[in-house]
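Residue numbers (UniProt numbering): 1 to 216. Glycine is no exception: its CB is placed at the ideal position from the N, C-alpha and C atoms. Structure, as structure tokens:
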Amino acid sequence: MTYGNEGAARALSSSPLKVAVFASGNGSNFQALAEAVRAGRIRAEIDLVVCDKPSAYVLERARSLGVDTYVFAPRDYASREAYEAEIVRELQRRGIGLVVMAGYMRLVTSTLIEPYDGRIINIHPALLPAFPGVDGIGQAIRYGVKVAGATVHFVDGGMDTGPIIAQQAVEVLDDDTPETLGAKIHRAEYELLPRVVGWIAGGKVRLDGRKVTITN
Numbered sequence: 001m002t003y004g005n006e007g008a009a010r011a012l013s014s015s016p017l018k019v020a021v022f023a024s025g026n027g028s029n030f031q032a033l034a035e036a037v038r039a040g041r042i043r044a045e046i047d048l049v050v051c052d053k054p055s056a057y058v059l060e061r062a063r064s065l066g067v068d069t070y071v072f073a074p075r076d077y078a079s080r081e082a083y084e085a086e087i088v089r090e091l092q093r094r095g096i097g098l099v100v101m102a103g104y105m106r107l108v109t110s111t112l113i114e115p116y117d118g119r120i121i122n123i124h125p126a127l128l129p130a131f132p133g134v135d136g137i138g139q140a141i142r143y144g145v146k147v148a149g150a151t152v153h154f155v156d157g158g159m160d161t162g163p164i165i166a167q168q169a170v171e172v173l174d175d176d177t178p179e180t181l182g183a184k185i186h187r188a189e190y191e192l193l194p195r196v197v198g199w200i201a202g203g204k205v206r207l208d209g210r211k212v213t214i215t216n
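Below you can see the structure in the form of structure tokens.
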């Protein structure tokens, strides 16, 4: 699969890349991405925030920035596939070209992945393949690593198993706690995620199997 061809064609068009951000919590990565878009550093438009928790603070952030929100309660649906099918219809109606998972705390199924294959990315607070799943920061502290960091990868349906696009490392000090290490990793995320979305919006990311290449 070559994602870059699609991106290159879009870069030559008059329309920016339309992005949907999926989030379940605070939304600080959404905020960092939105600020980069508003500053003109990324040729994209955040068209929608998708959230599975009506009380999540990311919704306040989206409203303050004038970004539409799509809020759903998973318990109202018979299955994960049922609500994902509804979400896909909304994404396609809006012409979404890239799905960014930024603190979205649910595994996704083929119902979402297949129509957006190669167009879904996730940011994870660890240097994958180390420490996938929940509490990557706490796992790093408990394991005693000297270097931790953040990873942006394509989503393939597994638990943080998709092809890696980019990573940013941070040093783990002897006196770091989950809180202090988390603060450092989050700062790295706020730089890394907008950078990767900018590459994708500019048609610079190529995916071939598990190999991801960033072109000039």
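- From the listed residues 103, 191, 162 and 120, the smallest Cα separation to residue 52 is found for 103.
- Here residue 77 carries a coil assignment [DSSP, helix/strand/coil].
- Per the Cβ contact rule, the stretch 90 to 106 is in contact with the stretch 19 to 36 (3 or more Cβ pairs under 8 Å).
- The bridge partners DSSP lists for residue 190 come to none.
- Looking at the DSSP output, residue 143 sits in no beta bridge, so it has no partner there.
- Annotation: the continuous beta strand (DSSP E) that includes residue 49 extends over 44 to 51.
- Contact between the stretch 40 to 57 and the stretch 189 to 203 is established, with three or more Cβ pairs separated by less than 8 Å.
- In this structure residue 133 touches residue 160 by the C-beta definition: roughly 7 Å separates them, less than 8 Å.
- In the DSSP assignment, no residue is bridged to residue 202.
- The Cβ atoms of residue 155 and residue 88 do not sit closer than 9 Å to each other.
- A direct Cα-Cα distance of roughly 19 Å separates residue 111 from residue 48.
- For residue 113, the enclosing alpha helix (DSSP H) begins and ends at 110 to 113.
- For residue 168, DSSP records a beta bridge to 150.
- Straight-line spacing of the CA atoms in residue 114 and residue 212 works out to 19 Å.
- In the structure shown, residue 57 falls within a helical segment according to DSSP collapsed to helix, strand and coil.
- Under a 10 Å Cβ-count criterion, residue 75 is classified as exposed, with fewer than 16 other Cβ atoms of the shown protein chains found around its own Cβ.
- For the 9 Å CB-CB criterion, residue 163 and residue 32 do not form a contact.
- Listed as beta-bridge partners of residue 184 by DSSP are no residues whatsoever.
- Of 189, 19 and 188, the smallest CA-CA separation from residue 97 is found for 19.
- Shortest Cα-Cα distance from residue 165 to any of 129, 147 and 179 involves 129.
- If you look at residue 37, you'll find it in the alpha helix (DSSP H) that goes 28 to 38.
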